[in-house]
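J.:
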Ligand code: GDG
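Numbering (the numbering used here), first residue to last: 1 to 567.
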C-alpha cells in the first residue's frame, strides 16, 4: 500500500485498509448518502501540510462534478481532514486523471466553507464553495426538486421556482469560472450531470479553445415532459456548448436531439447535431464545418455511453474469504430462510421500492410464499432527507414495511429486514453474495449500478436478477428477468419464477450477464468517452468515429444461443 505522507492535507485513507473500507456509501457520481462516521479510522491520518499547492496552476484535464471525490471530515485550511468518497466515478476517472495531469472541481458537501485547492491521493482538487441558501435553491431545489423529478418522467411532481433557477445559473457560473481558471490552453474539460448543464456553454463562450465533454447520469426525458421546463431552451443551449454529450441510453440521446430540433430547429444526422455559428464566431472552435446549405456550423456528438462499475474491485471483494463468511453469517442471522431476496437503493421515489413491497406483500397475503421460508432484505440508504417528497416517501415505505411485518412475520422469521442505513462496500458485497434474488424495480433509472454490482459479485454464477425495463441497465442485462414495475401481477410472477428457478437456468443466465458486465466495466466506459472527446480535437468527421457500441438488445433466446456457441 502506498503511504499517504506525500499528501498536502490530512487525508484519511480508509478505502485501502482491508476490512476498514470507507463506510461512505458511494456518492454515485452526483449524490450524497448518509454515512456512518466510524470510517474515520484512527491512526490512518497522514501528516497535515500546506494546502493551496495547485492554486493558479493550469491543467490539461479538468473534471467538473457537483460533488468532489473526497468528503470533508473535519478542520479547515491546512488542518482539513478528508476521506475518499469511493464512488464509481472516482474509480472510472482515476487512471485518466493521473495520466493526463488532471484537476477535479466540485463542492465539498458542506455549506459556507472556503477551501484552498489541495492534493489528495495524487489528484489535484479544487473545491467550490456554496452558501446555505445556494444549497437550498440550487441543489435541494432546482437540482433535486425540479430537474430530478422532471427527468424521471414526473414520477413526483416537479416544482418550478424562478429563484431556484436564478441560483442554478449563479452556481453553474461559479463552477464554470473555477474550470476556466484551471484549464490550460486547449485543455479537455469533462462536466458531469444534471446539476451543471449550463457549464458547457459558459465554458465555450469564454474559451472556444477548450474541448468540452458532458455526461448526463440520469435519463433525458421525452419532449412532451421536457417541454414543461420553463427554462427548457436555456438548458438545451447550455448542453450544446459541449463537443460530446454522453447519455446512458440510446433513447436519452434521441430525446435530447428531438428537444434540440423542436426548440432550436437545429439539424441532426444520427448522433451528430449541427449548431449554427454567427458570423465570425467560428474562430478558435475545434470542430467547425460548412453544412449542405453553405452555413458554418459547429458539430456536437450526442450519443449513448452506458456507464458501468469497477468490476475488478467487486470481484476482488467477492473472492475474499471473510466476505464470503459474512454472507453465510447473514443467512444464519436471518434464520436460514430458503430464499433471501434483496433490494439496495437510495431511498428515492424513482427506485420503485413501494411497488416492490406491494408485490411482495401480496405474495405473502396470497400464501404464494411463506414468511418462514423467505426474507426480503431492503437496504434503503438515507438520501435528500431535507426535501419534502423524500420525507413523505420514507413515511410511506416505513408504514408499508411495518404493516407487512406486523401481518406476516413470526417470532423466528421476519418478512422484511428493513435497513435505513448506509453500509461499507464489504457489507454490500456480502449481501449480494447472500441474496438468492436481487430486486431492481426502478420506475425510471439512468443506469442502475446496483444491478451491475450484483452481477459482478456473483463469482459463483448463481443468483437471479429481477430487473426493471425502465433502467438503463436493462438495455445490456437481457438475461435478467425483466419486469414492468407498474404491473404488480407481472412482478409477483417474476419473483416466484426467480424463487423457483432451477440451478442450471440460474447459472446459464448469470454467466451471460457476467460476461457482459466484465467486458464493459467503468474503465472501458471512461476510456471510450475520453476517446470520443479526443477524436474531436483531431478529426472533423464524427461519422468516422462510431466509438461507443449500441447497447446489445438481445432476446433471452438470442442470449442463450450466444452462450451455447461460446460467444
Ligand atoms: C445515479 C443515477 C446511475 C447504495 N446504498 C449503499 C451504497 N449504495 C451505492 C450502490 C451504488 C450506488 O450507491 C447507487 O447507484 P445507482 O446507479 O443505483 O443509483 P443513483 O444513486 O441514483 O445514481 C443512476 C448512476 O448515477 C451512475 O451514473 O446508474 O441511474 O440515478 O453504487 O452500491 N453503497 C454503500 N453502502 C450503502 O448503503 N457502500
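Note that the Cβ used here is the ideal one computed from N, Cα and C, for glycine as well.
Just so we're clear, the structure is a prediction, and the values are computed from it rather than from any experiment.
State the Cα-Cα distance for the pair residue 308 and residue 473, rounded to the nearest angstrom.
T.: Distance between the alpha carbons of residue 308 and residue 473 is about 9 Å.
J.: Thinking C-alpha only, which one of 360, 131 and 430 is nearest residue 323?
T.: Minimum Cα distance to residue 323 is reached at 430.
J.: Name the one or two DSSP bridge partners that residue 61 has.
T.: Its beta-bridge partners are 102 and 188.
J.: Between the region 114 to 126 and the region 136 to 145, are three or more C-beta pairs nearer than 8 Å?
T.: Contact fails: fewer than three Cβ-Cβ distances are below 8 Å.
J.: Going by DSSP, what residues sit across from residue 468 in a beta bridge?
T.: Its beta-bridge partners are 483.
J.: Please name the residue, chosen from 203, 488, 59 and 257, that lies closest to residue 238 on a Cα-to-Cα basis.
T.: The shortest C-alpha separation from residue 238 is found at 203.
J.: Taking the alpha carbon of residue 463 as the reference point, which residue from 317, 420, 512 and 483 has its own alpha carbon closest?
T.: Out of 317, 420, 512 and 483, 512 has the C-alpha closest to the C-alpha of residue 463.
J.: Using 10 angstroms around the beta-carbon of residue 475, count the other beta-carbons present and answer buried if the total reaches 16, otherwise exposed.
T.: By the neighbour-count rule (16 or more Cβ atoms within 10 Å), residue 475 is buried.
J.: Quick check on the burial criterion: 16 or more other C-beta atoms within 10 angstroms. Buried or exposed for residue 486?
T.: Exposed is the call here.
J.: Could you have a look at residue 320 and say whether DSSP puts it in helix, strand or coil?
T.: Coil.
J.: Would you list the one or two residues that DSSP bridges to residue 72?
T.: DSSP lists 82 as partners of residue 72.
J.: Strictly under 9 Å for the Cβ-Cβ distance: is residue 200 near chain C by that measure?
T.: Chain labels in this structure do not include chain C; a single protein chain is all it has.
J.: Cβ-heavy atom distance between residue 217 and the ligand GDG below 8 Å?
T.: Yes, the Cβ of residue 217 comes within 8 Å of a heavy atom of the ligand GDG.
J.: Under a Cβ-count criterion, where at least 16 other Cβ atoms within 10 Å of its own Cβ denotes burial, should residue 338 be classed as buried or exposed?
T.: Residue 338 comes out exposed.
J.: Just to confirm the assignment, what range does the alpha helix (DSSP H) spanning residue 176 have?
T.: Where residue 176 is concerned, the enclosing alpha helix (DSSP H) stretches over 162 to 182.
J.: Counting beta carbon pairs with one atom in the region 395 to 415 and one in the region 356 to 365, are three or more of them shorter than 8 Å?
T.: Flag = yes, the region 356 to 365 and the region 395 to 415 touch.
J.: Just curious, the beta strand (DSSP E) that residue 276 is in, first and last residue?
T.: Start and end: 272 to 276.
J.: Look at the alpha carbon of residue 528 and the alpha carbon of residue 519, and state the distance between them as a whole number of angstroms.
T.: Distance between the alpha carbons of residue 528 and residue 519: 13 Å.
J.: Give the secondary structure of residue 393 by DSSP, where H, G and I count as helix, E and B as strand, and everything else as coil.
T.: Residue 393: helix per DSSP, three-state reduction.
J.: Since residue 507 is in the beta strand (DSSP E), which residue starts that stretch and which ends it?
T.: From DSSP, residue 507 is part of no beta strand (DSSP E) but of the alpha helix (DSSP H) over 503 to 519.
J.: Distance check for residue 213 and residue 411, CA to CA, integer angstroms please.
T.: So the alpha carbons of these two residues sit roughly 56 Å apart.
J.: Is it buried or exposed, residue 253, if we count other Cβ atoms within 10 angstroms and call 16 or more buried?
T.: Looking at its Cβ environment, which holds 16 or more other Cβ atoms inside 10 Å, residue 253 is buried.
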